[in-house]
Amino acid sequence: METFSYFPHTEGDVRAMLSRIGVSSLDELYGDVPEDCLFKGEFDLPDAMSELEVRRFFEGLQAKDVPVKVFAGAGVYDHYTPSVVPYILSRSEFLTAYTPYQCEISQGTLRYIFEYQSMICRLTGMDVSNASLYDGPTAAAEAMMMAMASAKKKTRVLLSEGLLPNVVKVVETYAKFHGVEIGHVTATDGQTSVEALRKELAAGDVAGVIVPSINKFGVIEDHAGFAEAVHEAKALLIEYCDASALAVVKTPAEWGADIAVGDGQSLGIPMSFGGPYVGFMAVKKEHLRKMPGRIVGQTVDRDGKRAFVLTLQAREQHIRREKATSNICSNQSLMALFVTVYTALMGPDGLRRVNALSSAGAHYLHDRLMETGLFEEAFPGKPFLKEFALKPRMGAAVLQQKLLDRGFFGAVQVADGVVTFCVTEKRTKEEIDALVSAVKEG
Amino acid sequence: MRYYDKLVFELSETGRRGWTLPACAFPEVEVPAAVRRSEPLDLPEVSEVDVVRHYTNLSQMNFGVDTGFYPLGSCTMKYNPKINEEIAALPGFQALHPLQPASTVQGALEVYYEMDKALAAITGMSRFTFNPCAGAHGELTGLMVMRQYHMSRGDYGRVKVIVPDSAHGTNPASAAVCGLQVVEVKSLENGRIDVEALKPLLDDTVAGIMMTNPNTLGLFETHIREIASLVHAAGGLLYYDGANMNPLMGVVRPGDMGFDIMHLNLHKTFSTPHGGGGPGSGPVGVARHLERFLPTPRVIKRNDGSFDVEHDAAEAAGQVSGYLGNFGVILRAYAYILMLGKQNLRQVGRLSVLGANYIKECLKDAYKLPIGGVCKHEFVFDGLVNDGAREGVEGATTLDVAKRLLDFGFHAPTIYFPLLFHQALMIEPTETESKETLDAFIEVMHKIAAEAAEDPDILHNAPHGTPVRRPDETTAARNPILKYGD
Amino acid sequence: MSKIVEGLLYSESHEWVKVEGNIAVIGVSDFAQKEMGEITYVDMPEVDDEVEKGDSFGALESVKAASDLYSPVSGKVVEVNEELEDEPGKVNEDAYANWIIKVEMSDASELEGLMDAAAYKAATE
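Residue numbers (the working numbering), protein chains in the order written: chain A, 2 to 443; chain B, 1362 to 1847; chain C, 11 to 135.
Here's what the structure looks like:
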């Protein structure tokens, strides 16, 4: 019998267990499987590798990637990860633990989730947060379903044109199958138009409206009048936000929103080619019962000690089954731990500094690019934070290739002839100046 | 485990900080007042050492697979290899932005492409998407593919999906999210699908059947071929919930059994860590005729051998998550598959089934076994044979057994699922546990059964040695305190 | 032994009805509250919602379970017991003293299909 480091069984162990069970071979344990279901061939997989070979294999794959300086955002931000965070995440009691259903031996997980929920509430200004969702786009889809569940007779949800394209696509996909009609609210001059919103609401039958706090053009939106209009139409206002930016821009609560959703990736989570990230959702108190996902609550144990438990589980799929608010089972627990530790380290001042540095760098790049004479303003006068839109005279494709040839990833196309750049606290003056030189070259 | 009762908010002191950042090299720009945050940002201010100590102490109130045995039925708590962690942390992969041009991420795209082939080889399906972030997400995606297939054929009337009454709650919930009505099919006494009860349910309003094999009781659905023919003949599709894939690893392939669509849980079967409840990954695999309905974005290989990303496809069900998938999780699973190789893959299922049957045979004298015979990777007990109930003393329940196990350094099995048995205790050891561990567990379970028979109050009062004991869940639900300061 | 009150009508799904003119006052029986265990939340409809006989109008939730409530009659909801929002445990304390919703009946003949106390007692024994 071949041995393998992940299988502790010796031949003697196997024989003893087979004997106790009363069968003579492992194959006999599959005696109830129809013969034609058993796979008799050879698996089309490589031979087992040693750790050394696995490491070499992946380093080889990694070498096929071309390192670039990231000057793009579009929903994923290259913010710095403090060393403490991955260190804490690697603790095996956090990493290899299961969902905290047995609360007595899961107080670690339950407490950090309670802290996470608390931090999300303070960032968004809302009353209650859940224990996290998969990512920003699916969190928006869950918010859409919540709006529909809260307004049983309505059939429409409105999406701002300013939302990131992947958010729109995911919400539209869920809507298609869930039986929801999606309406669109146009963006004018780089921000969601309140006139267009009022017009769509007037057409009636709207359960919810999803608008971006900072839109795909990088513009920080002004939502004055939105909540009034949406609430008058008896619909829910849903703000889609960047978690890190909430330290310095108006919160969903300040805009009068019912639900706040977004992605917590900007709180130091590595870009990691698309995931894992962490979706967040926080709501006003009155919407608590319709909120999907796990929630941790505080209580006391039989000795009167403060203790934490998964609570309000009667909303969830394992109890409500098809009547649950959602089918979601897991959260992104470890990533919630990530943003909790990050936020604990950064505190209010650190978060403000991250945004200040990113914004200063972005405005510097913006000004230097405009100085080249090779760009037009896309939305003159509109405020931006760390991401901004410009119209390159040479066209988006040409610009993108120019940058790529010199090792820069930027100028993401967000509309016809409009591209965005993003600067975070990781980009140095040298890098920014080099990008500008690259644009001017040739 | 020592009781540590702090929350990070309680360690906060104005003026403390745990961060360092470079000085600003440019003029700073204020956010205009109209859109600037004016409510205070009341987050904790804590020094770095306090953050490290706090979360380290919190971790010591937790139990992981690395701590001890975790026989949670239907969760497949196998060993999480550490080489996986190193691969996922490779800086070259961590630094990749998901929207980078394909020419700069050929290595990362190759990971997706090769994983697709590997999972197809293991499961007998034709092609996989890695977009779903978890098992339930995979179920939803798979059902979207099912509906998209029927819609593409103009078959809009197929709005029902059949689900066994023993199914996990995510199955009917995913169906409901996907706009499908759930129709339950009854199980026989032995827990298997009643094929005679299935037949009358199959008509042209049925999109398909959602099931798992082995079922949630750990029993192989021996009539799977018949079920597949019946469903296909009625024009429906077969969906395989891959939560119970572990016993099939290296032995049986869902594609060969007739399944058209399936999902896998990388965080169960493929050893990626559970992380306290995520992140996971729920890749969805389909038979060839359904490939074009898979969601976007998708990784493709061009004729010149290079890889690219397809963002739009006319017949795709849609987009189900932000980007290509939980890349960090997929890297871990890929490393695991390479370590297993084709040789060791064959033993995963076999050894998992060995361990489960061994525990079952050793404990069936003390715990009620409602369904006898050979099981697969997991099985269900229905409470104690002798729960010690007597005049004035309530018998020990499954919950009591679970809590008492915590005192002995074991994580409890899954309790009160499946709903078919009122005192259900579902045990799944996995293939990475030694005979010594299984024997130790068996010994403790016997001890607990003896305690129950003698004096059930020992169990009623358990756990005795954990940091907290039987938190009041009723008050937690009646008067929810869901954030610090509530 | 569950408590059963005379003068009320009962449904198979353990709701009771007290008829007050054209209004059906609806709650759950002692049997139902015992089955649920400690009730943590009562999910109720809104005033002016329409209900149909046999359809679910809400649910009782406990820590580990949820049980749908089925309307014994059709009509319009005219009142919901707001006390239960903050104190769902009142249903456990006295299932008969704590009604859940009041419905203005659209078809009083539907009451004929319900059981009286004696029939309900026999059905739950």
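We treat Cβ as the ideally placed atom computed from N, Cα and C, and that holds for glycine.
- In the structure shown, the three-state DSSP call for GLN299 (chain A) is strand.
- Our two residues, ALA42 (chain C) and ALA34 (chain C), have alpha carbons roughly 19 Å apart in a direct line.
- Ranked by Cα distance from ALA69 (chain C), the first of C:LYS28, C:ASP104, C:LEU94 is C:LEU94.
- Excluding its 5 nearest sequence neighbours in each direction, CYS1539 (chain B) has C-beta neighbours in its own chain below 7 Å: LEU1501, LEU1504, MET1505, ARG1508, listed in chain order.
- DSSP places LYS28 (chain C) inside the beta strand (DSSP E), whose first and last residues are 25-30.
- Look at GLU323 (chain A) here: in three-state DSSP terms it is helix.
- Contact between the region 358-373 of chain A and the region 331-338 of chain A is absent: fewer than 3 CB-CB pairs across the two stretches fall below 8 Å.
- Put simply, the CB of ARG321 (chain A) is near chain C, with a gap under 8 Å to one of its CB atoms.
- Straight-line spacing of the CA atoms in ASP1564 (chain B) and GLU1550 (chain B) works out to 25 Å.
- Proximity of TYR80 (chain C) to chain A, defined by a Cβ-Cβ separation below 8 Å, is not satisfied.
- Taking C-alpha positions only, SER1399 (chain B) is separated from LEU124 (chain A) by approximately 12 Å.
- If you draw a straight line from the Cα of PHE376 (chain A) to the Cα of ASN216 (chain A), it is about 21 Å long.
- Across the region 94-123 of chain C, CB contacts with chain B closer than 7 Å involve PRO98, GLY99, in sequence order along the chain.
- Shown here for GLY1596 (chain B): same chain residues with a beta carbon closer than 7 Å to its own, the five before and five after excluded, namely ASP1565 in chain order.
- Contact check between the region 1712-1726 of chain B and the region 1520-1535 of chain B: fewer than three CB pairs, one atom from each, fall below 8 Å, which does not count as touching.
- When the five nearest sequence neighbours on each side are left out, the beta carbons in the same chain lying within less than 6 Å of the beta carbon of ALA258 (chain A) are those of LEU238, GLU240, in order along the chain.
- Residues LEU1599, TYR1601 of the same chain have their beta carbon placed closer than 6 Å to that of PHE1620 (chain B), with the five preceding and five following residues left out of the count.
- Contact of ALA1497 (chain B) with chain A is assigned, a C-beta pair being separated by under 8 Å.
- Taking 7 Å as the Cβ-Cβ cut-off, the region 1829-1843 of chain B approaches chain C at GLU1834, THR1835, ALA1838, ARG1839, given in chain order.
- Apart from sequence neighbours up to five positions away, the residues of its chain that approach ASN1532 (chain B) with a beta-carbon distance below 6 Å are VAL1524, MET1571, ordered along the chain.
- Within chain A, ALA315 have C-beta atoms less than 7 Å from the C-beta of GLU71 (chain C), given in sequence order.
- Excluding the 5 residues flanking it on each side, ARG1693 (chain B) has same chain C-beta neighbours closer than 6 Å at ASN1445, ALA1449, THR1633, in chain order.
- Exposed is the label assigned to GLU12 (chain A), since fewer than 16 other Cβ atoms lie within 10 Å of its Cβ.
- With contact defined as three or more Cβ pairs closer than 8 Å, the region 245-254 of chain A and the region 97-109 of chain A are not in contact.
- Contact fails between the region 153-160 of chain A and the region 297-307 of chain A, because fewer than three Cβ pairs, one in each stretch, are under 8 Å apart.
- Linking ARG394 (chain A) to VAL440 (chain A) through their CA atoms gives a straight-line distance of about 11 Å.
- By the CB criterion at 8 Å, ARG316 (chain A) and ALA308 (chain A) fall outside the cutoff.
- From the listed residues B:THR1573, B:LEU1766, B:ALA1469, the smallest Cα separation to GLY1616 (chain B) is found for B:THR1573.
- Per DSSP, the unbroken alpha helix (DSSP H) holding ILE121 (chain A) starts and ends at 108-125.
- Of all C-beta pairs linking the region 172-183 of chain A to the region 87-104 of chain A, fewer than three are shorter than 8 Å, placing the two stretches out of contact.
- Residues of chain A with a Cβ closer than 8 Å to the Cβ of VAL1805 (chain B) do not exist; the shortest Cβ-Cβ separation is about 15 Å.
- Taking C-beta atoms as the reference points, VAL207 (chain A) and GLY226 (chain A) fail to come closer than 8 Å.
- In this chain, the alpha helix (DSSP H) harbouring LEU366 (chain A) covers 334-372.
- In this structure, A:THR421 is the residue among A:THR421, A:ASP406, A:LEU405 with its C-alpha nearest to the C-alpha of ALA412 (chain A).
- Pairing TYR1684 (chain B) with PRO1459 (chain B) gives a Cβ-Cβ distance under 8 Å.
- From the beta-carbon of GLU48 (chain C), the residues of chain B found nearer than 7 Å are THR1835.
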